[in-house]
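Residue numbers (my numbering): 6 to 431.
Ideal placement from N, C-alpha and C gives every residue a C-beta, glycine not left out.
Note that the structure is a prediction, hence the values are computed from the model and not measured.
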C-alpha cells in the first residue's frame, strides 16, 4: 500500500477536520460541511480500507483472469485485481466462498460441499502464489500486522451455507481453513433460513437447523451475516447470536423498496444490537433499473439450455454456463445505476444510525458496480465525498474498516470453542 504520507500531512489529517456541528435537512440530520485543506487521496491512503464482500474468487480458475495484472471492467468485466486494489487504496477484505443454490437433497449437498471446499482452497492457493503481495488473515490483529507490512489482508467469508448440507459440524472444517464470516442463505430458501428474495415463507425466519448453525458460529467465533436473509431471519440472528451481526452488502428500503434491502425499523434494531450494515454498490438494489428485453430473453434461453440451477454446480458445466453468460453480458450489458444513487443510500443510512454502524462493500465481481464506480480502483471517491459532507477522519476510518474489525474482535472475544487451538490456522 502507499503509506508515504508525511508526518506533517498526518498531523493535518488529525486536526483539520474535528467532529462537525450538525445541520438539519428535512427530517434528517447530517454533518455540517467543513472547509479543510486535507488531501482526500492522501487521507484515504493513510487509513485502513476494507471491503466486506469481494466475489473475486469466482474468477480464480478463469484462464482470462490474472490477479497480478491490471485488467479492465470495460474490457473483461472484472473489477478487482492487485494493481487496482493498490490504486484504490484497498488494504483487504472478505473474499467470498459462494455456492449457487441447488436442490435440497443429498446429491445437491454433495456437489455443493465439493464446490465450497474447492472455492476455499482457491483462496488459500492464491494467497500462497502471491505471498509477497497478500496474506491470509484469521484475526483482527492479523489485519493490523499484515497491512503494516505493506501487504493485502485476505479474510474469508461464506455466502450461502448450503454446502454444509444438514451437517452443522462442517462449519468447523471451514473455520480451520480460515472462514470468519457466514451468511446462512442466498437468493432462495435453504435448509437454514428464509431468503429475502424467495416468494415463499418456509420457517418465518431461521429453521431449527439454522438456529443450531448460529450457535455453532458463536462457539467458533465466526461473524454472522444477515445479507440476503429475510427480515424475520435477520431478526432471529440478532436475537439468538451472542455477538452483533453484520449485513455485509445491503442497501436501504427508504430509498428503494426492494425485498433485498433493509427498512429503517430493522436498521435501528441492528444498530441497537451493535451490528453494522455495509453499503452495497449493486445497481439492482439501488433503484428500479431500465428494462432490457433482449438481455432477459437471452438469459431465459440460457436457463432453458442448462436447466435448473442445481445442474450448474458441476464445475465444468458451470464454466461453460459462465462463458456463455459472459457473451450475453457483452452483447446486452445490464442496466446500471449511478454512483450518486449509491451515495444517497449511504447518506440516508448514516443519518439514521450514524457512522458507528456503517461500512462499505462494492459487491465487486458479484454484480456490483455503477456508473461512476465501475471497479475497486475508484473507491477513494467515497472518502472524498464523506469528507466533503463533513464526516470526520475518525468517522471515515470506522466506515472503511473500524466497525467491521470491531465486530470481528467482539466475535473473537466471545468465542467459546475449546476444540481448536488458534495456532492450527496460522
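Check: Hey, how far is the Cα of residue 211 from the Cα of residue 393?; Outcome: 41 Å
Check: Rounded to the nearest angstrom, what separates residue 133 and residue 414 at their Cα positions?; Outcome: 25 Å
Check: Where DSSP assigns a beta bridge to residue 200, which residues make up the other side?; Outcome: 234
Check: Which residues in the same chain have their Cβ closer than 6 Å to the Cβ of residue 346, if we skip the five residues on either side of it in sequence?; Outcome: 291 and 292
Check: To the nearest angstrom, how far is the alpha carbon of residue 335 from that of residue 298?; Outcome: 15 Å
Check: Which of the three DSSP states, helix, strand or coil, is assigned to residue 291?; Outcome: coil
Check: Taking residue 188 and residue 142 to be in contact with their CB atoms under 8 Å, please state how far apart those CB atoms are, rounded to whole angstroms.; Outcome: With a Cβ gap of about 19 Å, residue 188 and residue 142 do not count as contacting.
Check: Check for me: the alpha helix (DSSP H) holding residue 177 runs from which residue to which?; Outcome: 175–181
Check: According to the Cβ coordinates, are residue 250 and residue 280 closer than 8 Å?; Outcome: yes
Check: Looking at the unbroken alpha helix (DSSP H) that takes in residue 405, where does it start and where does it end?; Outcome: It is not in any alpha helix (DSSP H) - residue 405 carries neither H nor E in the DSSP assignment.
Check: Assess contact between the segment 97–106 and the segment 120–136, defined as three or more Cβ pairs (one per stretch) separated by less than 8 Å. Is contact present?; Outcome: yes
Check: Evaluate contact between the segment 319–333 and the segment 354–363, counting only Cβ atoms and requiring at least three cross-stretch pairs below 8 Å.; Outcome: no
Check: Which partner residues of residue 259 appear in the DSSP bridge assignment?; Outcome: According to DSSP, residue 259 bridges with nothing at all.
Check: Just how far apart, CA to CA, sit residue 271 and residue 236?; Outcome: 8 Å
Check: Cutting at 6 Å between CB atoms, please list the residues of its own chain near residue 411, excluding the five before and the five after it.; Outcome: none
Check: Which residue or residues does DSSP assign as beta-bridge partners of residue 281?; Outcome: 251
Check: Just list the alpha helix (DSSP H) runs in the segment 67–155, keeping only unbroken ones of 4 residues or longer that don't cross its boundaries, in chain order.; Outcome: 78–81, 87–93, 111–134 and 145–153
Check: According to DSSP, is residue 415 helix, strand or coil?; Outcome: helix
Check: So what does residue 161 bridge to, in DSSP terms?; Outcome: 100 and 184
Check: Taking Cβ to Cβ, would you say residue 380 is nearer than 8 Å to residue 161?; Outcome: no
Check: If I measure Cβ to Cβ from residue 403 and keep anything under 7 Å in the same chain, skipping five residues before and after, which residues do I get?; Outcome: 360 and 361
Check: Under 8 Å Cβ to Cβ from residue 118, same chain only, skipping five residues before and after it: list those, please.; Outcome: 168, 169, 170 and 175
Check: Report yes if the CB atom of residue 375 is closer than 8 Å to the CB atom of residue 289, and no otherwise.; Outcome: no
Check: Report the rounded CA-to-CA distance for residue 71 versus residue 342, giving the unit in angstroms.; Outcome: 28 Å
Check: For residue 366, which beta-bridge partners are listed by DSSP?; Outcome: 285
Check: Between the alpha carbons of residue 109 and residue 258, how many angstroms are there, rounded?; Outcome: 30 Å
Check: Between the Cα of residue 185 and those of 191, 166 and 262, spot the shortest distance and give me the residue it belongs to.; Outcome: 166
Check: Is the Cβ-Cβ distance between residue 275 and residue 357 less than 8 Å?; Outcome: no
Check: Can you tell me which of the three DSSP states residue 340 falls into?; Outcome: coil
Check: Could you pull out every residue in the same chain whose Cβ sits closer than 6 Å to the Cβ of residue 114, ignoring the five residues on either side in sequence?; Outcome: 170
Check: Quick one: what's got a C-beta closer than 7 Å to residue 388's C-beta in the same chain, skipping five residues either side?; Outcome: 45, 48, 49 and 401
Check: Would you say residue 419 and residue 223 are within 8 Å of each other, going by their C-beta atoms?; Outcome: yes
Check: Cutting at 7 Å between CB atoms, please list the residues of its own chain near residue 385, excluding the five before and the five after it.; Outcome: 45, 46, 49, 93 and 94
Check: Going by DSSP, what residues sit across from residue 211 in a beta bridge?; Outcome: 198
Check: Quick check on the DSSP output: the beta strand (DSSP E) that includes residue 57 runs from which residue to which?; Outcome: 55–59
Check: I'd like to check one pair, residue 405 with residue 54: are the Cβ atoms closer than 8 Å?; Outcome: yes
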